[in-house]
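In this note's numbering, the protein residues as written are 1 to 320. Here the structure comes first, spelled out in structure tokens, and everything after it is commentary.
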């Protein structure tokens, strides 16, 4: 037997995994309707028909990681635990500035709208002045809605600190916000879908501020991924853009998948009425501009989360 033939037999006997080790891509997302692309992606992966896997090829495995809010996702990027993530703009911006532009890049937009300030339906809060001495919840300290809430309160003359001030802003996990709101322990919640609709439909809340045009979600990547596997990052971005177009072309089918994904994630049935209500406030897009971020920089500086801004051109460069 020739050496070539012996090698061929040996190769045939090797396990498939020993012949070619799969590339693992680790992707973050939140169980919120504003992260529809991530929810559909993770749910389709669990179902064995992954949207992204089909477009990235058989040699790529995607591992999905769920987060409650953006700062936690950004810490995971810094720690090297994830490669890409769906995230709100403020945590991405903060991470970019904190790392002096060395760690984070924005690859695409994902969603606009779907964020709101919800107040009790009993009429205790009718105008900004009614918030004095009250408690307002946000998803996490420094996340996009937290910055928006603090900036809005400051513009209306309130003194706000991280631990108190004229209005107590209380960073609270989304799932806890609903229960506390129902118990009358919160006077307002600044959050995103599906929690906005749940606060409305399940807790009798009323929308005071609707951020219909705000950038809610984007797709961010680690600089390390762009440096070591740029082609893979570009394939994921393209698959994300294709999925975004599909969501807009087939909203009814997309809502079914998002509802199924949220139900699996939360281990409880997500009512169709909640998903339908939330969908009306959202616009899915893979576009995002630097100009939209300039306003976010000003708000973050106003509330004391950013001291020194740096040029944002590298954030949108798509390059290491």
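Even for Gly, the Cβ is constructed at its ideal location relative to N, Cα and C.
Does the structure place the region 40-48 close enough to the region 260-268 that three or more beta carbon pairs sit under 8 Å? As far as the Cβ criterion goes, the region 260-268 touches the region 40-48, which means the pair count is three or higher.
Report, in whole angstroms, the separation of the C-beta atoms of residue 221 and residue 111, which I expect to be a contact under 8 Å. The residue labelled residue 221 in the question sits at position 221 within the chain shown. The residue labelled residue 111 in the question sits at position 111 within the chain shown. Contact doesn't hold; Cβ gap of about 17 Å is too wide.
Output needed for residue 104: all residues of its chain with C-beta closer than 8 Å, excluding positions within five of it in sequence on either side, in chain order. Counting from one through the chain shown, the residue named residue 104 turns up at place 104. The answer, listed in chain order, is 74, 77, 92, 95, 96, 220, 221, 222, 223, 315.
Do the region 175-190 and the region 133-145 meet, that is, are 3 or more Cβ pairs less than 8 Å apart? Output reads yes: the region 133-145 touches the region 175-190.
Is it the case that the Cβ atoms of residue 158 and residue 167 are separated by a distance below 7 Å? Numbered from 1 along the chain shown, position 158 holds the residue referred to as residue 158. Numbered from 1 along the chain shown, position 167 holds the residue referred to as residue 167. Going by C-beta atoms, residue 158 is nearer than 7 Å to residue 167.
Quick one: give me the first and last residue of the alpha helix (DSSP H) that residue 223 is part of. Your numbering for residue 223 matches position 223 in the chain shown. 223-228 is the span of the alpha helix (DSSP H), which, as asked, contains residue 223.
Rounded to the nearest angstrom, what separates residue 135 and residue 54 at their Cα positions? Residue numbering aside, residue 135 sits at position 135 when the chain shown is read from its first letter. Residue numbering aside, residue 54 sits at position 54 when the chain shown is read from its first letter. Taking the CA atoms as reference points, residue 135 sits about 46 Å from residue 54.
Whole-Å CB distance - residue 28 paired with residue 82, under 8 Å assumed: Here the question's residue 28 lines up with position 28 in the chain shown. Here the question's residue 82 lines up with position 82 in the chain shown. So it is a contact: roughly 5 Å between Cβ atoms.
Identify, in the order they occur along the chain, each residue of the same chain with its Cβ nearer than 6 Å to the Cβ of residue 204, setting aside the five sequence neighbours on each side. Walking along the chain shown from the start, residue 204 turns up at place 204. Taken in chain order, the residues that qualify are 121.
What first and last residue would you give for the beta strand (DSSP E) that runs through residue 202? By 1-based counting over the chain shown, the position of residue 202 is 202. Element bounds for residue 202: not the beta strand (DSSP E) but the alpha helix (DSSP H), 195-203.
Straight-line gap, residue 274 to residue 21 (C-alpha atoms, nearest Å): To locate residue 274, count along the chain shown from 1; it is residue 274. To locate residue 21, count along the chain shown from 1; it is residue 21. One C-alpha to the other measures close to 42 Å.
So, at 6 Å on beta carbons, what are the nonlocal neighbours of residue 300 in its own chain, with the 5 sequence-adjacent residues on each side left out? In the chain shown, residue 300 corresponds to position 300, counting from 1. Answer for residue 300: 147, 306, listed in chain order.
For residue 180 versus residue 198, is the C-beta distance shorter than 7 Å? Counting from one through the chain shown, the residue named residue 180 turns up at place 180. Counting from one through the chain shown, the residue named residue 198 turns up at place 198. Going by C-beta atoms, residue 180 is not nearer than 7 Å to residue 198.
Round the Cβ separation of residue 216 and residue 318 to the nearest angstrom and send it over; I've been treating them as touching at under 8 Å. Taking the first residue of the chain shown as position 1, residue 216 is located at position 216. Taking the first residue of the chain shown as position 1, residue 318 is located at position 318. That pair is no contact at about 21 Å.
Could you give the distance in angstroms between the alpha-carbon of residue 310 and the alpha-carbon of residue 269? The residue given as residue 310 occupies position 310 in the chain shown. The residue given as residue 269 occupies position 269 in the chain shown. In a straight line, the C-alpha of residue 310 is about 44 Å away from that of residue 269.
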